[in-house]
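Visitor:
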Amino acid sequence: MNELLSWWGKAVGQSYALKLLDIHLRGASQVMFQNNVLTGLLFILGIFWGTAAAENPGVAIGAIVGLVIATLTAIILGSDDASLEQGLFGFNGILVGLAVPTFLVMGPATWFLLVIGAAFSTVAMLAISQVTKLWGVPALTFPFVLTTWFLVLAAYSFGHLSIGSMGPPALPSPLARSDLGIDLSVGELLGACIRSISQVFLINNFGAGIIFIVALLVNSRWAAVFAVAGSVVSVIMGLVLGANPSSMSAGLYGFSPVLTAIALGCVFFEPSWRVALFALLGTIVSVIIQGALDAAIAPVGIPTFTAAFVFVTWLFLLPKLNLKPHGHGLVSDGIMTGK
Amino acid sequence: MNELLSWWGKAVGQSYALKLLDIHLRGASQVMFQNNVLTGLLFILGIFWGTAAAENPGVAIGAIVGLVIATLTAIILGSDDASLEQGLFGFNGILVGLAVPTFLVMGPATWFLLVIGAAFSTVAMLAISQVTKLWGVPALTFPFVLTTWFLVLAAYSFGHLSIGSMGPPALPSPLARSDLGIDLSVGELLGACIRSISQVFLINNFGAGIIFIVALLVNSRWAAVFAVAGSVVSVIMGLVLGANPSSMSAGLYGFSPVLTAIALGCVFFEPSWRVALFALLGTIVSVIIQGALDAAIAPVGIPTFTAAFVFVTWLFLLPKLNLKPHGHGLVSDGIMTGK
Amino acid sequence: MNELLSWWGKAVGQSYALKLLDIHLRGASQVMFQNNVLTGLLFILGIFWGTAAAENPGVAIGAIVGLVIATLTAIILGSDDASLEQGLFGFNGILVGLAVPTFLVMGPATWFLLVIGAAFSTVAMLAISQVTKLWGVPALTFPFVLTTWFLVLAAYSFGHLSIGSMGPPALPSPLARSDLGIDLSVGELLGACIRSISQVFLINNFGAGIIFIVALLVNSRWAAVFAVAGSVVSVIMGLVLGANPSSMSAGLYGFSPVLTAIALGCVFFEPSWRVALFALLGTIVSVIIQGALDAAIAPVGIPTFTAAFVFVTWLFLLPKLNLKPHGHGLVSDGIMTGK
Numbered sequence: 001m002n003e004l005l006s007w008w009g010k011a012v013g014q015s016y017a018l019k020l021l022d023i024h025l026r027g028a029s030q031v032m033f034q035n036n037v038l039t040g041l042l043f044i045l046g047i048f049w050g051t052a053a054a055e056n057p058g059v060a061i062g063a064i065v066g067l068v069i070a071t072l073t074a075i076i077l078g079s080d081d082a083s084l085e086q087g088l089f090g091f092n093g094i095l096v097g098l099a100v101p102t103f104l105v106m107g108p109a110t111w112f113l114l115v116i117g118a119a120f121s122t123v124a125m126l127a128i129s130q131v132t133k134l135w136g137v138p139a140l141t142f143p144f145v146l147t148t149w150f151l152v153l154a155a156y157s158f159g160h161l162s163i164g165s166m167g168p169p170a171l172p173s174p175l176a177r178s179d180l181g182i183d184l185s186v187g188e189l190l191g192a193c194i195r196s197i198s199q200v201f202l203i204n205n206f207g208a209g210i211i212f213i214v215a216l217l218v219n220s221r222w223a224a225v226f227a228v229a230g231s232v233v234s235v236i237m238g239l240v241l242g243a244n245p246s247s248m249s250a251g252l253y254g255f256s257p258v259l260t261a262i263a264l265g266c267v268f269f270e271p272s273w274r275v276a277l278f279a280l281l282g283t284i285v286s287v288i289i290q291g292a293l294d295a296a297i298a299p300v301g302i303p304t305f306t307a308a309f310v311f312v313t314w315l316f317l318l319p320k321l322n323l324k325p326h327g328h329g330l331v332s333d334g335i336m337t338g339k
Numbered sequence: 001m002n003e004l005l006s007w008w009g010k011a012v013g014q015s016y017a018l019k020l021l022d023i024h025l026r027g028a029s030q031v032m033f034q035n036n037v038l039t040g041l042l043f044i045l046g047i048f049w050g051t052a053a054a055e056n057p058g059v060a061i062g063a064i065v066g067l068v069i070a071t072l073t074a075i076i077l078g079s080d081d082a083s084l085e086q087g088l089f090g091f092n093g094i095l096v097g098l099a100v101p102t103f104l105v106m107g108p109a110t111w112f113l114l115v116i117g118a119a120f121s122t123v124a125m126l127a128i129s130q131v132t133k134l135w136g137v138p139a140l141t142f143p144f145v146l147t148t149w150f151l152v153l154a155a156y157s158f159g160h161l162s163i164g165s166m167g168p169p170a171l172p173s174p175l176a177r178s179d180l181g182i183d184l185s186v187g188e189l190l191g192a193c194i195r196s197i198s199q200v201f202l203i204n205n206f207g208a209g210i211i212f213i214v215a216l217l218v219n220s221r222w223a224a225v226f227a228v229a230g231s232v233v234s235v236i237m238g239l240v241l242g243a244n245p246s247s248m249s250a251g252l253y254g255f256s257p258v259l260t261a262i263a264l265g266c267v268f269f270e271p272s273w274r275v276a277l278f279a280l281l282g283t284i285v286s287v288i289i290q291g292a293l294d295a296a297i298a299p300v301g302i303p304t305f306t307a308a309f310v311f312v313t314w315l316f317l318l319p320k321l322n323l324k325p326h327g328h329g330l331v332s333d334g335i336m337t338g339k
Numbered sequence: 001m002n003e004l005l006s007w008w009g010k011a012v013g014q015s016y017a018l019k020l021l022d023i024h025l026r027g028a029s030q031v032m033f034q035n036n037v038l039t040g041l042l043f044i045l046g047i048f049w050g051t052a053a054a055e056n057p058g059v060a061i062g063a064i065v066g067l068v069i070a071t072l073t074a075i076i077l078g079s080d081d082a083s084l085e086q087g088l089f090g091f092n093g094i095l096v097g098l099a100v101p102t103f104l105v106m107g108p109a110t111w112f113l114l115v116i117g118a119a120f121s122t123v124a125m126l127a128i129s130q131v132t133k134l135w136g137v138p139a140l141t142f143p144f145v146l147t148t149w150f151l152v153l154a155a156y157s158f159g160h161l162s163i164g165s166m167g168p169p170a171l172p173s174p175l176a177r178s179d180l181g182i183d184l185s186v187g188e189l190l191g192a193c194i195r196s197i198s199q200v201f202l203i204n205n206f207g208a209g210i211i212f213i214v215a216l217l218v219n220s221r222w223a224a225v226f227a228v229a230g231s232v233v234s235v236i237m238g239l240v241l242g243a244n245p246s247s248m249s250a251g252l253y254g255f256s257p258v259l260t261a262i263a264l265g266c267v268f269f270e271p272s273w274r275v276a277l278f279a280l281l282g283t284i285v286s287v288i289i290q291g292a293l294d295a296a297i298a299p300v301g302i303p304t305f306t307a308a309f310v311f312v313t314w315l316f317l318l319p320k321l322n323l324k325p326h327g328h329g330l331v332s333d334g335i336m337t338g339k
């Protein structure tokens with residue numbers, strides 16, 4: 001493996017075309033915070049596997065188009081080279097490209113929307129990073145979430161954009177008892193765990209989930225461990241709180257907790273018992289916030305995407321030991337004192 | 001009184017258990033920005049009085065559990081000692097603990113939710129403070145508002161969490177003329193003022209309101225004066241704008257204005273005529289924004305909590321004399337110039 | 001023209017009353033980022049033209065009241081003189097004053113609301129500028145958008161505030177095919193362009209649009225060029241995506257793109273081909289986000305105002321070449337490491 005990667009490193013140094021390919025594959029791998037060409041290649045393989053099984057090739061094509069457009073936009077805008085080479089301008093674009101064909105019916109106007117959206121996701125990445133850098137935290141997938149919310153919401157207003165599998169808008173209503181009546185078998189619960197991992201790429205497929213776990217293992221055992229742990233915690237929490245069994249089974253309560261677990265467990269903090277307990281609290285909160293956002297967004301009829309992961313991870317990364325809250329005393333300066 | 005407090009100060013220095021009790025009571029007192037054990041004790045007394053009258057002991061138990069869990073979480077995370085000793089890690093937790101049993105039906109899953117939520121409120125306090133410190137303002141009760149929005153929204157998605165007295169989700173509709181037909185007597189208007197103060201702790205009880213005013217008087221006459229003035233302004237504004245009389249009577253238009261009046265009038269600015277006029281504008285705006293947020297949040301069927309107070313107080317604390325707005329000219333640097 | 005302006009400059013230096021008039025007219029001109037008394041005067045002329053044609057004098061009176069109250073509030077609060085003299089404390093107030101009588105039925109309580117709202121818009125301008133200065137971008141019209149959202153939302157909650165032409169609240173539904181069936185003639189498409197410019201001031205009138213273009217030409221040819229280009233792009237995008245023809249015809253898809261085009265094309269960046277292409281992307285995205293926000297806001301039954309312009313322009317101004325995103329590695333400091 002190491003020989004393969006070092007051979008690739010040399011080849012990349014000699015060819016701009018291979019260099020571009022390298023950047024794109026790393027962009028794919030950054031969806032789960034990895035910086036590894038092979039991980040990226042396996043992620044794309046998993047996407048093709050899942051979309052082939054669902055007979056929905058538009059999703060795989062969209063992913064590639066989104067990845068390429070977002071990366072080229074970053075190059076044209078003259079973005080930071082080191083960030084580009086780590087793939088930091090690709091992961092939002094590939095997710096935009098996966099989401100648009102998943103929720104809208106593709107046609108000329110929708111493909112145009114996808115291309116504009118992927119280019120915009122890079123502008124949004126640069127912009128949001130500027131704000132989150134002040135806070136000392138990364139933008140995470142918020143550029144993808146924000147961009148895609150705008151794209152799929154727009155489908156309600158424009159006649160040439162057709163809505164596929166989302167909505168309809170509805171006022172939230174408490175989960176009916178009858179929805180809770182289904183008991184999931186141990187096999188179905190295991191499936192829910194694996195599908196939670198495949199849903200990080202908006203794919204509902206057991207095989208794709210396994211490929212994604214292997215892709216993580218190639219680069220980081222900790223990442224694979226925390227991904228699986230996050231999915232198990234999400235399923236347990238779903239049972240404790242009484243989540244809709246069919247949503248749980250499709251992995252829809254797990255993709256944000258999986259990302260939270262990886263991010264807090266081994267990407268932004270170094271793994272330790274203390275970190276693991278903190279990540280456990282974050283993962284549990286992710287499941288609660290997933291349910292909360294599902295209810296909050298119901299009246300506008302769009303998906304929450306990875307918003308639960310983004311909000312929880314920001315909130316768990318922001319606290320700093322050496323910074324105390326502003327107390328309940330005079331503010332240092334104000335229009336009342338003239339100082 | 002001073003002798004009592006100085007005796008308590010000595011006792012606290014000699015016992016860690018009393019020290020913990022001191023921190024918890026100060027945490028309760030910070031709900032209205034006070035840092036005083038006796039005020040905190042009286043606030044808790046008022047909570048018990050109000051919940052006893054409503055025969056809803058779960059609310060009082062929730063308050064204590066929320067206060068303890070949030071404070072212990074701050075200790076475990078190694079938060080700033082000085083902030084901890086002022087009770088800055090308790091006031092959001094006690095409010096989470098009051099809100100969950102007020103709006104949800106308590107059971108094993110709901111108590112679990114309350115405990116996780118109280119712990120999370122401390123993480124949210126540390127995180128939000130990190131952002132608001134950049135702006136030079138405190139986090140106020142936004143950690144409580146955000147946390148509890150997530151908790152009560154989640155009740156729509158999870159079958160083991162039962163909704164009590166909130167919702168149902170509905171599109172906003174203009175207040176019907178018939179709702180305005182009720183004339184409140186002078187006594188009822190006075191009651192509305194006092195209940196506005198009790199509703200800061202989500203309690204609808206005249207006696208509790210009186211106890212809370214006494215609790216403020218123990219520590220700060222200005223705080224008591226501005227609390228009462230804020231409640232009177234809110235009732236007058238309710239009559240001017242035509243608020244729903246039964247909501248007004250229950251104090252639901254007054255709790256945010258009361259907090260705004262105390263915060264702007266004597267906590268974050270020093271009391272003066274200029275400050276009083278500025279606080280008056282802020283208090284009037286709080287009533288308008290309370291009505292606005294009630295309409296905005298109606299489709300998701302949850303309460304606004306103290307969001308009106310938080311948004312208004314942030315907006316009135318942020319302006320600084322020596323800082324001018326960015327003009328409508330070139331931005332200093334951008335991806336267009338390469339500089 | 002230059003002689004006229006230099007004569008005016010002298011006159012202003014000798015009379016505080018003329019100085020105040022100068023500040024107010026510049027405040028009007030800043031709605032489209034200009035700093036020119038004559039532009040401001042023509043903008044106000046266009047407003048009177050449009051409201052006379054619509055037989056709605058309350059809108060013109062509201063505009064003047066909003067402009068005066070917001071400016072006086074800035075003076076009373078002791079805001080930065082240089083910013084005041086550029087009119088930076090007037091443009092949000094005039095927009096608040098235009099919007100309230102456009103969407104609500106005016107009466108004593110509504111006029112009170114308008115006055116309080118205009119004063120509050122200055123506090124909001126100072127507050128929001130404080131946050132956006134940290135990001136290196138201007139507040140744009142967000143103080144107007146936020147203030148007016150609160151004011152018109154409040155009309156649903158208070159009986160003495162009557163709703164005029166907005167709402168009713170409704171869940172978003174995909175545009176019906178029949179709505180798309182109308183073909184606009186070339187003349188109607190040209191009208192849509194001009195009305196897009198008049199709608200920046202919430203006015204649906206061809207003549208007013210022409211006056212506004214002349215007002216821009218008086219101060220900046222580039223501003224007029226980008227305003228017209230922005231309106232043309234918005235109409236083309238409306239046809240490509242399939243916008244509601246009657247909304248498009250009334251200029252409702254164009255006012256935000258017009259502002260985005262001026263802001264990105266020649267106000268915050270220096271005009272160049274590279275800047276023009278970047279502004280083109282921003283203008284296209286503004287149309288998409290206009291459609292998205294229309295759907296998102298439908299359940300609460302209020303207009304989006306210029307929110308699409310604000311969000312897009314912030315996102316396109318924020319990226320900076322020399323700042324790279326935070327990578328997916330350890331955060332520099334955290335409650336997990338104790339450092």
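Protein chains in written order, with UniProt numbering: chain A, 1 to 339; chain B, 1 to 339; chain C, 1 to 339.
Just so it is clear, CB atoms sit at the ideal spot from N, CA and C, and this is done for glycine as well.
#1: Could you have a look at LEU20 (chain C) and say whether DSSP puts it in helix, strand or coil?
#2: Contact between the segment 109-119 of chain A and the segment 166-174 of chain A: three or more CB pairs below 8 Å?
#3: Determine, using beta carbons only, whether MET125 (chain C) comes closer than 7 Å to chain A.
#4: Any C-beta of chain B within less than 7 Å: which residues of the segment 128-139 of chain C qualify?
#5: Flag this pair as touching only if the segment 39-54 of chain A and the segment 205-225 of chain A have three or more C-beta atom pairs under 8 Å; answer yes or no.
#6: Using a Cβ-Cβ cutoff of less than 6 Å, which residues in the same chain neighbour LEU18 (chain B) once the five nearest sequence positions on both sides are dropped?
#7: CA-CA distance, ALA243 (chain A) and PRO257 (chain A)?
#8: Which of the three DSSP states, helix, strand or coil, is assigned to VAL105 (chain A)?
#9: At a Cβ cut of 8 Å, what residues of the segment 293-327 of chain B count as close to chain A, listed as they run along the chain?
#10: Which partner residues does SER162 (chain C) have in the DSSP bridge list?
#11: On a Cα-Cα basis, can you pick out the residue from C:PHE103, C:VAL37, C:ALA298 that is closest to VAL218 (chain C)?
#12: If we cut at 7 Å on Cβ distances, does GLY93 (chain C) have a partner in chain B?
#13: Quick one, are the C-beta atoms of PRO245 (chain C) and ILE182 (chain C) less than 7 Å apart?
#14: In whole angstroms, what is the alpha-carbon distance linking MET32 (chain C) and ILE262 (chain C)?
#15: Can you list the residues of chain C that MET336 (chain B) reaches, using a CB-CB cut of under 7 Å?
#16: For the alpha helix (DSSP H) holding PRO245 (chain C), just list the boundary residues, first then last.
#17: State the Cα-Cα distance for the pair PRO325 (chain B) and THR132 (chain C), rounded to the nearest angstrom.
#18: Between VAL12 (chain A) and chain B, is the shortest Cβ-Cβ distance under 7 Å, so that the two count as touching?
#19: What are the boundary residues of the alpha helix (DSSP H) that includes TYR253 (chain A)?
#20: Report the CB separation of PHE255 (chain A) from VAL200 (chain A) in whole angstroms; it is logged as a contact under 8 Å.
#21: Are the CB atoms of ALA227 (chain A) and LEU239 (chain A) within a distance shorter than 7 Å?
#22: For SER286 (chain A), which residues of its own chain have a beta-carbon under 7 Å away from its beta-carbon, when the five flanking residues on both sides are left out?
#23: Among residues of its own chain, excluding the 5 on either side of residue 340 (chain A), which ones have a beta-carbon nearer than 7 Å to its beta-carbon?
#24: Could you compute how far the alpha carbon of residue 368 (chain C) sits from the alpha carbon of ASN92 (chain C)?
#25: Can you tell me where the alpha helix (DSSP H) with SER231 (chain B) in it begins and where it stops?
#26: List the residues of chain A that TYR16 (chain B) touches, going by C-beta distances under 9 Å, in chain order.
#27: Distance, Cα to Cα, LEU98 (chain C) vs ILE69 (chain C)?
Guide: Once the coordinates are examined:
#1: Look at LEU20 (chain C) here: in three-state DSSP terms it is helix.
#2: Touching, no.
#3: Judged by the 7 Å Cβ criterion, MET125 (chain C) is not in contact with chain A.
#4: Near chain B, meaning a CB-to-CB distance below 7 Å, the residues of the segment 128-139 of chain C are SER129, GLN130, VAL131, THR132, LYS133, LEU134, GLY136, VAL137, PRO138, ALA139.
#5: In short, these stretches touch, since the Cβ pair count reaches three.
#6: Taking C-beta separations shorter than 6 Å and ignoring five residues to either side along the sequence, the partners of LEU18 (chain B) in its chain run ALA11, VAL12, following chain order.
#7: Distance between the alpha carbons of ALA243 (chain A) and PRO257 (chain A) is about 14 Å.
#8: Reduced to three states, the DSSP call for VAL105 (chain A) is strand.
#9: Listed by position along the chain: PRO299, VAL300, GLY301, LEU317, PRO319, LYS320, LEU321, ASN322.
#10: Paired residue(s): C:VAL105.
#11: Residue C:VAL37 is the option with its Cα nearest to VAL218 (chain C).
#12: Using beta-carbon distances, GLY93 (chain C) does not count as an interface residue toward chain B, since no partner is under 7 Å.
#13: In contact: PRO245 (chain C) and ILE182 (chain C) (Cβ atoms closer than 7 Å).
#14: One C-alpha to the other measures close to 8 Å.
#15: For MET336 (chain B), the chain C residues whose Cβ falls inside 7 Å of its Cβ are PHE269, ARG274, VAL275, PHE278, in order along the chain.
#16: 245-249 is the span of the alpha helix (DSSP H), which, as asked, contains PRO245 (chain C).
#17: One alpha carbon belongs to PRO325 (chain B), the other to THR132 (chain C), and they sit about 9 Å apart.
#18: Cβ-Cβ to chain B under 7 Å: no for VAL12 (chain A).
#19: Per DSSP, TYR253 (chain A) lies in no alpha helix (DSSP H) segment and is marked neither H nor E.
#20: That pair is a contact at about 5 Å.
#21: With contacts defined by Cβ atoms closer than 7 Å, LEU239 (chain A) and ALA227 (chain A) do not form a contacting pair.
#22: Same-chain partners within the cutoff: SER256, PRO257, THR260, ALA308, PHE309, VAL312.
#23: Any question about residue 340 (chain A) goes unanswered here, given that chain A covers just 1 to 339.
#24: There is simply no residue 368 (chain C) to check, as chain C begins at 1 and stops at 339 in what is shown.
#25: 221-241 is the extent of the alpha helix (DSSP H) around SER231 (chain B).
#26: In chain order: nothing, as chain A lies at least about 21 Å away.
#27: If you take the alpha carbons of LEU98 (chain C) and ILE69 (chain C), they lie about 13 Å apart.
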